[in-house]
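In the numbering used here, the protein residues as written are 671 to 1098.
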């Protein structure tokens, strides 16, 4: 959420930012919120003046009573009563206007970084760099669910009976690889100085609206009926929520955390064959990283975060590339975002396996995450990035480590988590 003071002083800059995000329908909101904000401040000032007047009158009543001027005192009391009634009206109006201002401010997109490429949708995203050589072997690579089936590693039919479409049973060595990757990613991030955390898997609505836009919430999250709780769609929401309404000592920054959690998503809409199986699902597990830092450090941390994901995938012999998200593909709270995409030898293209985002102070402003510094209090900057999210990454893992005989190599880094196995063999 943008600072209202910045919007007041720079309305044209805010409008230009909206245009860069191709959200012209939101342009009238800038003038509307300026008008409401002016009314809100006027109402607040009138209420403050009335409170001051009421305090003066109350003191005068005591003096008049001591002097025996009862009639004058009663007249003063009547004026205080009138002031109280008016104050009730003003406070109600002030609350209403403040709520309307906040509601609109939650919709106006955050100011994007000047380095973000301008484009309408993800087709305008820009490749930054490739890591590792993408290879297409001289043998056919089956669909990922078929690869898993050769190891008796997946049961979609049973999952469909139990929970419906978009769920899965992972079995045997495939399930073991899934867990091994999560454990390896956890230790990988701990070795890079991050504190390990297992967060709540449900969050309250005030946290939901603090970390994401209303549109994202509706498209992603499952609500617990009859309770003010939502299943998390991604663990950074719960992790950033940890800091809600807190004042952090500047000397303790940065806070760098890595978290494990299951994630739950609606995933609305129909998808092609490559997005069936375990590519686009309602439930998955994830290792995440978040950082809470000083504003001047967020750019440096942004580059560190996406590099962590690149480095992890390269240790698993998976070629990847980084892709910078254009303005129209950025969620409204984001200042800048880079996707990490893994190579798919089957599809002969890259596909998304992680996303790194710098939110600036947008989440901190919504959640009241403040820092107590030498020169006073200010809002922290928050960032997040996917370390790894199986089972989607299993697609890249299996395809890039598959042999012609159907066996799958286990990279050296993962062998300690697989009981020393160098490869898994097809079940006869």
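Ideal Cβ placement from N, Cα and C applies to all residues, glycine included.
DSSP has residue i in a bridge; who is on the other side?
{"i": "residue 955", "result": "932"}
{"i": "residue 961", "result": "926 and 1053"}
{"i": "residue 993", "result": "797 and 1009"}
{"i": "residue 1025", "result": "1009"}
{"i": "residue 967", "result": "None, per the DSSP bridge assignment."}
{"i": "residue 1094", "result": "1078"}
{"i": "residue 825", "result": "839"}
{"i": "residue 873", "result": "900"}
{"i": "residue 1058", "result": "957"}
{"i": "residue 1019", "result": "1014"}
{"i": "residue 1072", "result": "1078"}
Could you check what DSSP says for residue i in three-state terms: helix, strand or coil?
{"i": "residue 916", "result": "strand"}
{"i": "residue 1014", "result": "strand"}
{"i": "residue 671", "result": "coil"}
{"i": "residue 1048", "result": "strand"}
{"i": "residue 1087", "result": "helix"}
{"i": "residue 1042", "result": "strand"}
{"i": "residue 691", "result": "coil"}
{"i": "residue 816", "result": "helix"}
{"i": "residue 1065", "result": "helix"}
{"i": "residue 943", "result": "Residue placement at residue 943 cannot be trusted, given a pLDDT of 46 that sits under 50; the coordinates are not used to answer."}
{"i": "residue 974", "result": "helix"}
{"i": "residue 1000", "result": "coil"}
{"i": "residue 702", "result": "helix"}
{"i": "residue 714", "result": "helix"}
{"i": "residue 726", "result": "helix"}
{"i": "residue 802", "result": "coil"}
{"i": "residue 984", "result": "helix"}
{"i": "residue 782", "result": "coil"}
{"i": "residue 732", "result": "helix"}
{"i": "residue 948", "result": "coil"}
{"i": "residue 787", "result": "coil"}
{"i": "residue 709", "result": "helix"}
{"i": "residue 686", "result": "helix"}
{"i": "residue 679", "result": "helix"}
Just curious, the alpha helix (DSSP H) that residue i is in, first and last residue?
{"i": "residue 771", "result": "740-775"}
{"i": "residue 882", "result": "Residue 882 -> no alpha helix (DSSP H), and no H or E assigned at all."}
{"i": "residue 1032", "result": "1032-1037"}
{"i": "residue 891", "result": "Careful: residue 891 lies outside any alpha helix (DSSP H) and carries neither H nor E."}
{"i": "residue 908", "result": "905-911"}
Which residue wins for smallest C-alpha separation from residue i, given the options the options?
{"i": "residue 819", "options": "1078, 1084, 774 and 1082", "result": "1078"}
{"i": "residue 1010", "options": "796, 730, 725 and 686", "result": "796"}
{"i": "residue 1075", "options": "766, 1093 and 867", "result": "1093"}
{"i": "residue 1064", "options": "1026, 878 and 846", "result": "846"}
{"i": "residue 1053", "options": "852, 1080, 781 and 967", "result": "967"}
{"i": "residue 873", "options": "913, 735 and 834", "result": "913"}
{"i": "residue 1029", "options": "1006, 1023, 711 and 732", "result": "1006"}
{"i": "residue 700", "options": "1018, 775, 732 and 765", "result": "775"}
{"i": "residue 807", "options": "1068, 1091, 1086 and 1089", "result": "1068"}
{"i": "residue 723", "options": "756, 1072 and 688", "result": "756"}
{"i": "residue 997", "options": "1096, 784 and 733", "result": "784"}
{"i": "residue 976", "options": "1087, 992 and 947", "result": "992"}
{"i": "residue 954", "options": "726, 963, 932 and 982", "result": "932"}
{"i": "residue 948", "options": "687, 937 and 809", "result": "937"}
{"i": "residue 712", "options": "1084, 691, 742 and 761", "result": "761"}
At least one CB of chain C closer than 8 Å to the CB of residue i: is that the case?
{"i": "residue 879", "result": "This model lacks chain C altogether, as it is built from one protein chain only."}
Margin query: I'd like the ranges of any beta strand (DSSP E) spanning at least 3 consecutive residues and lying wholly in the stretch 827-869.
Written below: 865-867
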